[in-house]
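In our numbering, the protein residues as written are 546 to 813. Remarks on the structure that follows.
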Amino acid sequence: MTLLDDIAEWSFAAFALLLLLTQLLAKELGFLYGRHRAKEGQDQAEGAGLVVAGMLGLLGFVLALTLSFANNRFDERRSGTLAEANAIGTAWLRAEAIGHPRGAEIARLLVDYTKVRADFVRAGRDTAVLDDLNRRSSAMQNEIWGHVAALVRERPDPVATSLMSSVNETFDASTAERFAYAFTLPPQLLWLLLTMVMLGMAALGLQLGLRGRPLRLVSTLLTVMWTLVVMDILDLSAARMGNLRTSAAVYDWTLQGFSGAIRIPPAP
């Protein structure tokens, strides 16, 4: 189980509150230490200000970099659903148009396959459910490919070859989508982000303590901003939890397009 799974198992809201309070505590500890150093007559406020500015600038850069990483993972999952649904739709159309009993069976299996893929996208973090969906997907792929192989051997023509190509692209899109859901934010990057947030707030508190100005309202607002950004990063990078989930609507639209068989109009 990853760190994100542990957080989700506990509570996203509770983790956000804990992160906020921990940052405030780090800032207050830094402030107390800075005030203590200031009482000893060690005026280091100017030098500390330069260091803190650099630390907060680096923290902002890491936040932006991590947010970009998480957003890219989210876009990969979202784009993957569209690519897979489009590939399934193309394969279904070619299977219906080929005019062969095996083509009709492939089209029927693709309808059921679409439902399984939609369930995969909607599934939560239950490992047993995901394993079952992956097994069903693999079994249906083998069955579909068996019909395609038999059809190509029976009819080695460009029409059957185009159907084989479409089915192959459909299975490749499924693999790409499964990889996109498995590849999330590395725990090391998350720990680095959290550590830098805490150190940045502690350093800010130290600088304020050296200057004797707590600025609690402004620093609290800054802490809330950091917390919101970090939680958005966690939400975006988590494939199967949080509020920013990939929609499976594109599969439903594909299924709607399957309603009714292909009707061949009479020749003009």
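C-beta atoms are modelled at their ideal positions from N, C-alpha and C, and glycine is treated no differently. On a predicted model such as this, the values are computed, not experimentally measured, just so you know.
Alpha carbon of L734 to alpha carbon of L610, nearest angstrom: 10 Å
Integer-rounded CB distance, given that T626 should sit under 8 Å from G722: The sequence as given places Glu at residue 722; Gly does not occur at that position. Rounded, the Cβ-Cβ distance is 7 Å, consistent with contact.
Among V763, L737 and A593, which has the Cα closest to the Cα of A608? Reading the sequence as shown, one finds Leu at residue 608 and not Ala. Checked all of V763, L737 and A593; the closest Cα to L608 is L737.
State the start and end residues of the unbroken alpha helix (DSSP H) segment that holds L563. F557 to K584
Looking at the secondary structure, which residues open and close the alpha helix (DSSP H) in which I643 lies? No alpha helix (DSSP H) contains I643, which DSSP labels as neither H nor E.
Are the Cβ atoms of L751 and G575 separated by less than 7 Å? yes
Considering only their Cβ atoms, is the gap separating Y726 from M685 smaller than 7 Å? no
Could you tell me how far apart the beta carbons of K572 and S710 are, in whole angstroms, since I believe they sit closer than 8 Å? Actually they do not touch by this definition, with Cβ atoms about 59 Å apart.
Give me, in chain order, the residues of the same chain whose beta-carbon lies closer than 7 Å to that of L565; leave out the 5 immediate sequence neighbours on both sides. T768, V769 and T772
Taking just the CA atoms, how far does D717 sit from E663? Inspection of the sequence shows that residue 663 is occupied by Ala rather than by Glu. Spanning the two alpha carbons is a distance of roughly 16 Å.
A695 vs T729 beta-carbon contact at 7 Å: no
Presumed contact (8 Å Cβ cut-off) between N788 and D780, rounded CB distance: 6 Å
Cβ shell of T706 (< 8 Å), same chain only, five flanking positions each side left out: V697
Among A558, K660 and V693, the one whose alpha carbon lies nearest that of I643: V693
With C-beta atoms as the reference, is T720 less than 7 Å away from A632? no
For V742, which residues from the same chain have a beta carbon less than 7 Å from its beta carbon, with the 5 sequence-adjacent residues on both sides left out? Q568, L604, W771 and V775
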